[in-house]
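Remarks on the structure that follows.
Residue numbers (this note's numbering): 124 to 193.
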């Protein structure tokens with residue numbers, strides 16, 4: 124398993140691992156230290172990284188939105 128990147132985005136840590144061919148595993152650790160796992164087929168490590176960043180942006184959006192409701 125080959126690890127391609129580690130990024131910190133607004134308190135979230137993103138790790139992208141290349142498993143085989145175009146299969147990638149994404150681990151996202153949120154500010155509360157919960158780990159979220161995703162696997163998918165992406166054309167490149169950069170594409171997998173962009174998907175991970177998009178997921179983090181979605182997490183941030185929904186956390187803010189639900190915080191306003193509570």
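Glycine included, every Cβ here is placed at the ideal spot set by N, Cα and C. All of these numbers come straight from a predicted model, not from anything done at the bench.
Can you say whether residue i is buried or exposed, counting buried as having 16 or more other CB atoms within 10 angstroms of its CB?
i	result
residue 190	exposed
residue 171	buried
residue 142	exposed
residue 149	buried
residue 179	buried
residue 151	buried
Are residue i and residue j close, meaning C-beta to C-beta below 9 angstroms?
i	j	result
residue 175	residue 137	yes
residue 135	residue 183	yes
residue 140	residue 156	no
residue 181	residue 165	no
residue 159	residue 153	yes
Return helix, strand or coil for residue i, following the three-state DSSP convention.
i	result
residue 175	helix
residue 75	Not covered by the structure: residue 75. The range shown for the chain is 124 to 193.
residue 169	helix
residue 150	strand
Mind checking if residue i is an interface residue toward chain D, Cβ cutoff 9 angstroms exclusive?
i	result
residue 192	No chain D is part of this structure, which consists of one protein chain only.
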